[in-house]
Amino acid sequence: MSTEHSVIADSISRTYYVGEPVHALDGVTLELPAGSFTAVMGPSGSGKSTLLNMLGCLDTIDEGTLTIHGRDVGDMSERERAMFRSTELGFVFQAFYLMPRLRAWENVSLPLLFGEAPTDGRRARAERMLDRVGVGDRIDHLPNELSGGQRQRVAIARALVNEPRLLLADEPTGNLDTKTGASIMELFTELHVEGTSVVLVTHERYIAEYAEQVVHMVDGRITEIEPLGEVGR
Ligand SMILES: Nc1ncnc2c1ncn2[C@@H]1O[C@H](COP(=O)(O)OP(=O)(O)OP(=O)(O)O)[C@@H](O)[C@H]1O
Ligand SMILES: [Mg+2]
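Numbered by our numbering, the letters in the sequence shown go through residues 35 to 267 in order.
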């Protein structure tokens with residue numbers, strides 16, 4: 035189903051019960067237009083990763099309504115959610131999470147095992163994606179034979195291989211030096227310009243400034259949505 039909104043979150047909450055209840059998300063309302071580019075900032079423990087995990091259907095909300103690409107994801111079965119994740123969403127994490135014994139192209143082709151059967155070979159598709167993110171000359175390398183920036187590019191290629199409409203990234207530049215981080219942000223900017231919706235969590239102001247808007251969080255709530263203007267600087 036097509037929709038002009040990528041994400042509509044209406045008063046979503048998530049409480050964790052480990053000892054004292056923690057209101058990790060406490061009534062968050064947020065609308066993200068399709069194709070938008072959003073950064074999420076806030077102190078440690080403010081609920082940024084929790085929000086991203088909810089948008090990514092990696093965990094479920096306790097209260098409120100969450101609609102992604104026109105689908106009420108709170109209403110889905112576990113199986114429906116898994117299928118939705120693999121076809122509509124892509125994830126990138128700070129720690130890359132590549133499989134250490136798999137070559138770059140094998141890591142990238144992993145999500146193809148769970149999605150629809152590809153029309154062409156898995157390797158060819160993985161190669162195209164690695165080429166797209168700038169590591170087409172590293173397809174047969176193992177993760178420990180790659181630099182940090184190259185590893186993150188492989189992880190991004192893996193997130194993109196099923197052509198998700200929404201890309202979620204939790205501190206994707208957190209383990210990278212400034213220059214490599216900037217090159218990863220240029221890649222996200224390109225994906226945004228091509229029409230992918232991007233939401234990324236960061237602690238760094240200069241990283242957030244690549245986005246169109248910054249969502250500021252404190253104690254599980256949004257305190258401000260700060261517009262930044264046009265992307266493509
Ligand atoms: N699976 C969980 N079980 C219990 N508590 C959790 C869980 N996940 C998060 N929390 C708690 O929810 C709150 C928000 O955590 P979250 O990871 O979303 O913060 P964050 O803003 O991403 O922080 P950081 O910048 O340090 O990554 C924290 O107090 C955390 O301890
Ligand atoms: Mg976090």
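Just so you know, even glycine gets a beta-carbon here, dropped at the ideal spot from N, CA and C. For clarity, every value in this text was computed on a predicted model and none was experimentally measured.
| query | result |
| --- | --- |
| Decide if SER78 is buried, meaning its Cβ has at least 16 other Cβ atoms within 10 Å, or exposed. | exposed |
| Flag this pair as yes or no: are the beta carbons of GLY182 and LEU210 separated by less than 8 angstroms? | yes |
| Which full runs of the beta strand (DSSP E) of 3+ residues lie inside the region 204-251, going along the chain? | 231-235 |
| Where the beta carbon is closer than 7 angstroms to any heavy atom of ligand 2, which residues qualify, in chain order? | LYS82, SER83, ASP204, GLU205 and VAL235 |
| I want to check one thing, is the minimum distance from the CB of SER70 to the heavy atoms of ligand 1 below 7 angstroms? | no |
| Count the other CB atoms, across all protein chains shown, that sit within 10 Å of the CB of LYS213; report buried if there are 16 or more and exposed otherwise. | exposed |
| Just verifying my parser: in three-state terms, what is the DSSP assignment at GLY155? | coil |
| Just checking SER47 against ligand 1 - is the residue's beta carbon closer than 7 angstroms to any of the ligand's heavy atoms? | no |
| Pick helix, strand or coil for PRO77, following the three-state DSSP scheme. | coil |
| I'd like the list of long-range same chain contacts for ARG267, defined as Cβ closer than 6 angstroms, with 5 residues on each side in sequence excluded. | The predicted position of ARG267 is uncertain, since its pLDDT is 47 and thus under 50; no value can be drawn from it. |
| Tell me, which residues are paired with PHE130 by DSSP? | According to DSSP, which records beta bridges pairwise, PHE130 is partnered with nothing at all. |
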